[in-house]
Amino acid sequence: MNNRARSESLSTFALLATIVSTIALSWNWAGATLQPVIAQGLAFLIATIALYLFVGNSGIFSFGHIAFMSLGAYVAALLMITVDNKKLNQPNLPHFLATVQLNPIVASFIGGIVAALIALIVSLPLIKLSGLTASLTSLAILEIVHVVAANWTNLTNGELGLTGIPIMTSITELWVVSIAVIGASLGFQQSRWGRRLRASREDEVAARSLGMTVNKDRRIAFVVSAFFMGIAGALYVQLLGALVPETLYISATTMILIMLIVGGMTSLSGAVVGSIAISTVSEILVKIQDGVQINGLDIKGPIGIQPVGLAIIMLLTLIIFPKGITRSREIAFRTKV
Amino acid sequence: MHAFFQHLIDSVTVGSLYAVMGLSIALVFGIMRLVNFAQGDLVMVGAYGSAVFSHSPWILTLIIVLVVPIAFALIIERVAFRPVRMASDSTLLVTSFAVSYLLESLVLLFLSATPRGVNLAPALGHSFQVAGLFVPWLDVATVSSTFVLLLALSWFLSKTRTGVFMRAAAEDFTTARLMGVRANRIIAVAFAISGLLTGVTAYLTVSKTGQVYPTMGINLLLVAFVATTIGGLGSLSGAVLGGYILGAITIFIRAYFPAQLANFTQAFTYLIVIAILVYRPQGLLTSRTNRTRV
Amino acid sequence: MIEINNLCVSYRKVPALVDVSISVGQGELIGLIGPNGAGKSTLVKAIAGLVKPTSGKILFDGINLRGKYPEDIARLGVSFVPEGRHIFQSLSVAENLSLGYASGRGYDEASHEAVLDQFPALRRYYNDSAAGLSGGEQQQLALARALLAKPKLLILDEPSLGLAPLVIESLFSTLQKLRTEGVTILLVEQNASRTIAISDRTYILGGGRIRSEGTAEQLLSRKDMIDVYLGKRS
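Chains as they are written, first to last, in my numbering: chain A, 175 to 511; chain B, 2 to 295; chain C, 818 to 1051.
This is how it looks when you write it as structure tokens:
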């Protein structure tokens, strides 16, 4: 890789890392109402970047990717909840889970690993499918995870869900993981596998003729992406304290999809910018729904305006600016050679 | 043995619904390479139409349920899909996802999320007995209307000018246009027919479940996607076959698996589908891959 | 009948046609030859509406074709037989032929039968799938399909590609016959000498530009120069 590309990529990393760090830092001074917004925004940022790692590089839309976020969330939750709590609420847990209680960082990491392992298994049949078929099949994966979460009551408590998940008290883990996932994404897309994958993205037929290699590249992206997805899920539930099957299901899927599209789906900067933009807009819309005072004016929108607003933004983006805010290019300092 | 035939009846009925939904997806896909996420929501709007008109004479309700999805389908095509017609398959897919999300959130905005009870076609609620088997009239209606639809569609595609043009366009859109086939018209016809198919699905679904709610289309949509995937994307007969296979798998898993696993029926169904795809990634009845886009 | 003035076409900033001007008069058979990649297909695709020019004019009987949909251009009376024939393999021969009337032009029993008389193989396989036809028969089908629309202008893009020599013979004699019947034809071909021989005038395209133009006698007298353009000599 030539020097100019390397330095551009480093500048992208620096820019994005600065943006994210600023946001993370602001958490320390934000009021009690704003802190959860920032924290959840960061969790979704990580998830969006994780999704981008696979979708942006391979061109295959994994609609069911939230399945891995949910998996990571459940695994981490089960490992983090106190033993006493488990004895009370989940008497039927297998012995190993009932007696273990890990610290959140380790639990989140394991959540990511489990998600990655399942992704590896799933990728064996999935990656052989053509782009569209793979996208649709990923939905089936999401559904399978949802059904299992909702019905394996001994493990997950079904629709009642898990409670008593230790709440996160600092922004540090979210900050570290977001920097890490930005670095991993940039690293991947500059790597041999990433560049090959991007080349295959445009022309599926040519990609197929390269056969094994493309599949391997796709699998690597899929598994790494699932790993970070799992960690994002594990961190997210530490903000909520509770988890039900619907927490990470269709509305979460819609959210990260909108973030990716609006930002620009083939650039990492797009994932970051889109995620921040949509989190902000979404929060504004929710505030309007709840009722807000500006300069003495009472503004209250009808319930339901938040999803409609986001849907319209997504549709307008696709029709008018399909490349998104960042025009699907990376933010970087470009030097003229 | 007796139970087996009961399950067979159920699976043909359920399979018919899935087949019709799958067909509506496959039809639009064949012409435009667009997998329409909003198709499930077309069922939903048709269903809400029936809710609004549930106290009218049944023929009026039926017409409304058929016409409303057709109208929505045509509007959506013109407003949302025509501008992105030349885009990649993925962009088309995501656009349809956005449309679907918009439709659902609009319904949530203007109506409520709580399910509304609808009493549609009470006459179909009874069953009759034959050879010791219970056959609900609704099942008869479902299977026979599917049969009629399939027959009508076959006739349309092979015996009418527009139908032949559609088949040509599905194989090679560019060359069809070079011959003078009007792209906008053919696509509109495809959407209208898919709207009609979803209208029928809506009527039958509401008659069976008795309720409407904003996200009711999602499950049917997922099933339709999976059905077309097993059958082979783009193959109309594949979508129908896929629908019946899914219907059979769903019913028979629920019937023959141990009771505590019954709740996991959907999960197992999709696992089986994935297994099928492992051995035949292109689907069971692949159509010609000689495909150029609009 | 068709006037092209200073046409420029680029594929994403890479120029494919630069300042091309040709004209085809009523009843003429005009040839368009040149080496691979010269831009011949691009030119006829621009006429048919498949490719958007960056500048220039395409006038068909005074009507500006630029910006029109391919189907509307077909409806004006331009019949385009694309490179590779592109018949519909999932349809029968009869159904393929019915596409010939998709432009809303030309249907009457008598001329339908006349075309079938001209291509007896198509009558033989009328209700069979088009997928079973041989290369030469497919070419006949593509041609018949184009003729059914009673086109004002018939454009053929490399019709001899992939055909056996005997079949090519019969193709060219069919084109001759059509010419005597008054059909206006624009023929894009690799087969230079044959094309020059049967055309009223032939244009030579090289590197996206018109290099030369003339009747058979005119071009044959400049054979050395022509061969350079056609890449037969350097």
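Yeah, the Cβ is synthetic: ideal placement off N, Cα and C, and Gly gets one too.
A quick note: this is a predicted structure, and the numbers were derived from the prediction, not measured.
Measuring CB to CB, does residue i end up less than 8 angstroms from residue j?
i, j, result
"A/A247", "A/G285", "yes"
"C/N913", "C/G873", "no"
"C/S915", "C/K967", "no"
"B/V141", "A/L310", "no"
"B/G218", "B/D42", "yes"
"B/G23", "B/G243", "yes"
"C/L893", "C/A863", "no"
"C/L971", "C/V1000", "yes"
"A/T307", "B/P282", "yes"
"A/L313", "A/G238", "yes"
Count the other C-beta atoms from every protein chain shown that fall within 10 angstroms of the C-beta of residue i, then say buried if there are 16 or more, exposed otherwise.
i, result
"B/Y257", "exposed"
"B/V46", "buried"
"A/S282", "buried"
"A/P481", "buried"
"C/S1051", "Bear in mind that the predicted position of C/S1051 carries a pLDDT of just 47, short of 50, making it too unreliable to give a figure here."
"B/Y204", "buried"
"A/K260", "buried"
Please report how far the alpha carbon of residue i lies from the alpha carbon of residue j, in whole angstroms.
i, j, result
"B/I187", "B/A169", "10 angstroms"
"A/A290", "B/F269", "22 angstroms"
"C/L973", "A/T222", "51 angstroms"
"A/Q209", "B/T115", "32 angstroms"
"B/T175", "B/F157", "22 angstroms"
"B/A263", "B/I277", "21 angstroms"
"B/V295", "A/A188", "With a pLDDT of only 30 at B/V295, under the threshold of 50, the placement of this residue in the model should not be trusted; the figure read from the coordinates follows. Whole-angstrom Cα-Cα distance: 43 angstroms."
"A/V397", "C/I1027", "55 angstroms"
"A/I452", "B/A124", "49 angstroms"
"C/G848", "C/T1032", "10 angstroms"
"C/Q993", "A/R503", "55 angstroms"
"B/V149", "B/T163", "19 angstroms"
"C/L933", "B/I231", "42 angstroms"
"A/A380", "A/L300", "19 angstroms"
"A/I394", "A/I479", "39 angstroms"
"A/K497", "A/N231", "15 angstroms"
"A/A191", "A/S449", "14 angstroms"
"A/S456", "A/V447", "14 angstroms"
Looking only at its own chain, which residues have a Cβ that is under 6 angstroms from the Cβ of residue i, when we skip the five neighbours before and after it?
i, result
"A/A251", "L336, I339, V411, L417"
"B/Q25", "For the sequence presented, residue 25 of chain B should be read as Ser rather than Gln. Counting only Cβ-Cβ distances below 6 angstroms, and skipping sequence neighbours, we find Q40, S195, L198, T199."
Given residue i, which residues of its chain have a CB within under 8 angstroms of its CB, disregarding the five upstream and five downstream residues?
i, result
"C/S858", "E900, D974, E975, V1005"
"C/Q956", "R902, P976, L980, V984, L988"
"C/N944", "S909, V910, A911"
"A/R369", "Q363"
"B/T266", "T251, I254, R255, F258"
"A/N331", "N263, Q264"
"B/V213", "M45, A48, Y49, S51, A52, P116, R117, V119, V207"
"A/A358", "L227, V398, F402"
"A/G475", "L459, I462, Q463"
Any Cβ of chain B within less than 8 angstroms of the Cβ of residue i?
i, result
"C/S907", "yes"
"A/G415", "no"
"A/F495", "no"
"A/L489", "yes"
"C/L1004", "no"
"A/S502", "no"
"A/S312", "no"
"A/F218", "no"
"C/E888", "yes"
"C/Q957", "no"
Does residue i get closer than 8 angstroms to chain C when you measure Cβ to Cβ?
i, result
"B/A142", "no"
"B/F166", "yes"
"B/R255", "no"
Under 8 angstroms between C-beta atoms, does residue i make it to chain A?
i, result
"B/Y214", "no"
"B/I250", "no"
"B/P282", "yes"
"B/T115", "no"
"B/Y271", "yes"
"B/S236", "no"
"B/P137", "no"
Give me, in chain order, the residues of the same chain whose beta-carbon lies closer than 7 angstroms to that of residue i; leave out the 5 immediate sequence neighbours on both sides.
i, result
"B/V29", "L35, N37, A191, F192, S195"
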